[in-house]
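Protein chains in written order, with my numbering: chain A, 1 to 262; chain B, 1 to 398. By construction, the Cβ of each residue, glycine as well, lies at the ideal position given by its N, Cα and C atoms. Keep in mind it's a predicted model, so treat the numbers as computed, not measured. For reference, the structure discussed in these notes is given below.
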Ligand SMILES: Cc1cc2nc3c(=O)[nH]c(=O)nc-3n(C[C@H](O)[C@H](O)[C@H](O)COP(=O)(O)OP(=O)(O)OC[C@H]3O[C@@H](n4cnc5c(N)ncnc54)[C@H](O)[C@@H]3O)c2cc1C
Ligand SMILES: Nc1ncnc2c1ncn2[C@@H]1O[C@H](COP(=O)(O)O)[C@@H](O)[C@H]1O
């Protein structure tokens, strides 16, 4: 069985502040890490491989330094990894990211099962997975919280739909996006780290794709545009109460009474 | 669309310019500035960098004819005919947007045996409900549902389409966006519309630290998802308004590689999302035992208990009670935040609450920026006395 997991490198922290004077974003810490949700996707793929045999690959799109997440995946037991990196992919929204990833996947070969994380911590859209599925014209299921069965032709999954759980049997090839807690992700293995130290990460750029039309990638291929960014609004009708804790408590009681909550 | 062009000779301080980029998308490659794929086109480098160093050039693209796309559509989210309340909230928003640009509102409803449910939507002020009532649509399966939306979009040509950010919506919306090669903005918190029918979509970015305003200026339809409890539902009116159109579709096209084996009710769950009153605790709480105090107050106010993430991580509070970006979004009539600093990730999940009260010892805590009443004080003194006051039915020592 051929399994592919989509992983992304994200900033190590999402703490950013806006400089009041200049309106410029200040980002503390430049560390990067694997998108935490993708660790669950990886773990799911590794477990399926252990059961079904076959091969597990990863794909990532990002700047050259994103090879790090692929190496990390190697330390967990992934067989092959591809990084899509090209200046022409810059400024991609989810549509053009997904399109580039689907082109990369086509170039890599055929997969029975593609697994994505639920969402990224930086993009935070949960859109890339289903958009990849559409570009590859294969079925997909989102919010998968459990795999109940798997054989050579299909996978049966539980989709978390809020109030209810839908249990679906999906034929291969298909794409699933997994919820956190589907499995507890393993830690990278030191032994594998040594063993895979020189393992190759394949690099693909636009010239490797079947569709080389620059207009479909990066910013040119992105319908959405960020018009402006700004700090979150502060509520204007607000009061600050100060005083002794006793007074404050009694004042709060009166207020709750006035608001009819007690 | 446009792209960024770098004029190396106009850069005086390369490292300073690189630091401007919040996405770390600028690199020093052998003394030259390169913009890598981390770029999100926020264009801060254009605005704040040295004059002319990075310029934005608009590529020639044929402008689409926006007048061919009319109407604001809402996807009717449901499981086996049970309409999800986010649908009504979106109808409310759709009506507001549509009236600004003088266009009709649509709802699209796909399922099996849903005819009578469709007429209910007319009590919320939709102009036209497009109903696709077919057996293969009984369960949500991605391919037939995407096909129905494709058919609807081709028939109705809506300019804007709003979809609930439920499990179904989060699957369906991106599929449809990719099919029409159009833009989709996830989890919008504010929506407005320009005169030229461009949808103004505002959503938290970077885990809520900043807000991004996103538009989709040259593609139609414009798709956006919105979480439950972010918009407000209109009141149901007794009179029905608008009409229902039963759509015909080629049933042979409603095929799927998915077989739904079962749909089961989830074990009855704690659900803070629907709570009217919430008492939330944060790291100001010193020990797990002190949760009793919070629970006591909550019980007296008929409220649900909730918390910030650290308390969940510490195992003091059930994960389903976590508010925030990686927890639940809540919109209660009242929320009392006790010992919570008000991080953006937390605030993203509750700042739409009708009324916010915060108790915090630190008067600089950012929770006070969003609280309607900010109480600078010690919750360990304030809450026990409040509990006593409520129990005795009158304030002590007034
Ligand atoms: C990607 C990402 C997602 C996240 N998602 C979430 C999320 O969904 N939900 C969430 O909550 N967090 C989330 N976080 C974590 C978030 O950044 C904060 O760390 C967290 O919200 C802080 O919780 P807190 O306010 O309880 O704790 P703190 O920030 O430590 O604040 C404790 C507050 O209690 C006050 N205090 C202390 N003693 C008292 C007293 N006796 N009386 C009154 N006040 C007192 C202090 O002044 C302080 O302001 C996320 C972080 C990241 C990076
Ligand atoms: N640049 C990328 N490279 C590889 N996979 C990605 C990338 N962006 C998103 N994904 C995958 O799509 C999922 C959803 O991402 P998002 O839509 O950004 O929330 C992630 O968990 C990844 O599995």
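- prompt: For residue 237/B, which option in 254/B, 97/B, 121/B, 341/B has the closest C-alpha, if you only look at C-alpha atoms?
  reply: 121/B
query: Say the cut is 8 Å; is the CB of residue 315/B nearer than that to a heavy atom of ligand 1?
result: no
- prompt: For residue 156/A, which residues from the same chain have a beta carbon less than 6 Å from its beta carbon, with the 5 sequence-adjacent residues on both sides left out?
  reply: 148, 149, 169
- prompt: If you measure beta-carbon to beta-carbon, which residues of the segment 259 to 285 of chain B are closer than 7 Å to chain A?
  reply: 259, 260, 261, 262, 263, 264, 265, 266, 277
task: Determine the contact status of residue 225/B and residue 163/B, defining contact as a CB-CB distance below 9 Å.
output: yes
task: Could you tell me the distance, in whole angstroms, from the CA atom of residue 188/B to the CA atom of residue 215/B?
output: 12 Å
- request: May I ask you to report which of helix, strand or coil DSSP gives residue 187/A?
  value: coil
- prompt: Given that residue 392/B touches chain A, what residues does it touch there, using C-beta distances under 9 Å?
  reply: Here the premise fails: no neighbours, minimum Cβ distance about 10 Å.
query: Could you check where the beta strand (DSSP E) with residue 33/A kicks off and where it finishes?
result: 32 to 34
query: Would you say the segment 130 to 149 of chain A touches the segment 139 to 146 of chain B, given that touching needs at least three Cβ pairs under 8 Å?
result: Contact between the segment 130 to 149 of chain A and the segment 139 to 146 of chain B is present, with at least three C-beta pairs closer than 8 Å.
- prompt: Considering only C-alpha positions, which residue in the set 107/B, 221/B, 359/B, 38/B is nearest to residue 85/A?
  reply: 38/B
- prompt: Less than 8 Å between the CB of residue 118/A and some heavy atom of ligand 2, yes or no?
  reply: yes
- prompt: If residue 90/A and residue 25/B are in contact, beta carbons under 8 Å, what's the gap, nearest whole angstrom?
  reply: 7 Å
query: Taking buried to mean at least 16 other C-beta atoms within 10 Å of its own C-beta, is residue 35/A buried or exposed?
result: In summary, residue 35/A is buried, with 16 or more beta-carbon neighbours lying within 10 Å of its beta-carbon over all protein chains present.
query: CB-CB under 7 Å to residue 112/B, same chain, minus the five flanking residues each way: which ones, in chain order?
result: For residue 112/B, the CB contacts under 7 Å within the same chain, skipping 5 residues up- and downstream, are 133, 134, 135, 137, 138 in chain order.
Straight-line Cα distance separating residue 184/B from residue 76/B: 17 Å
task: Rounded to whole angstroms, what's the CA-CA distance from residue 245/A to residue 380/B? Just pull it up for me.
output: The C-alpha of residue 380/B is placed about 9 Å away from the C-alpha of residue 245/A.
task: Can you tell me which of 119/A, 77/A, 101/A puts its alpha carbon nearest to the alpha carbon of residue 199/A?
output: 77/A
field: Contact list for the segment 132 to 143 of chain A against chain B, Cβ threshold 9 Å
entry: The segment 132 to 143 of chain A vs chain B, Cβ under 9 Å: 132, 133, 134, 135, 138, 139, 140, 141, 142, 143.
field: For residue 317/B and residue 311/B, believed in contact at Cβ under 8 Å, the rounded distance
entry: 5 Å
message: Below 8 Å on C-beta distance, what does residue 196/A contact in chain B?
response: Within chain B, no residue comes near residue 196/A; the closest Cβ sits about 25 Å away, beyond 8 Å.
query: Does the segment 291 to 305 of chain B come close enough to the segment 232 to 252 of chain B to have 3 or more Cβ pairs within less than 8 Å?
result: no
task: Grab the span of the alpha helix (DSSP H) containing residue 75/A for me, first residue to last.
output: 67 to 76
query: If you run the structure through DSSP and keep just helix, strand and coil, what is residue 93/B?
result: Reduced to three states, the DSSP call for residue 93/B is helix.
message: For residue 345/B and residue 124/A, I'd like the C-alpha separation in whole angstroms.
response: 12 Å
task: Round the Cβ separation of residue 367/B and residue 337/B to the nearest angstrom and send it over; I've been treating them as touching at under 8 Å.
output: 6 Å
- prompt: Helix or strand or just coil, what does DSSP make of residue 176/B?
  reply: The answer is helix: DSSP assigns residue 176/B an H, G or I state.
message: Suppose you measure from the CA of residue 203/B to the CA of residue 302/B; what does that come to, to the nearest Å?
response: 32 Å
- prompt: How would you label residue 31/B, buried or exposed, when you count the other beta carbons within 10 angstroms and need 16 or more for buried?
  reply: exposed
message: With a threshold of 8 Å, are at least 3 pairs of Cβ atoms found where one atom belongs to the segment 40 to 50 of chain B and the other to the segment 95 to 112 of chain B?
response: no
field: Any C-beta of chain A under 9 Å from that of residue 292/B
entry: no
Close Cβ partners of residue 6/A (< 8 Å) along its chain, the five nearest in sequence each way excluded: 38, 41, 58, 59, 60, 101, 114, 115, 116, 117, 128, 129, 132
- request: Give the secondary structure of residue 160/A by DSSP, where H, G and I count as helix, E and B as strand, and everything else as coil.
  value: Three-state DSSP puts residue 160/A in a strand.
query: Going by the CB atoms, is the gap between residue 358/B and residue 340/B shorter than 9 Å?
result: yes
message: Judging by CA-CA distance, which residue of 355/B, 3/B, 148/B, 50/B is the nearest neighbour of residue 256/A?
response: 355/B
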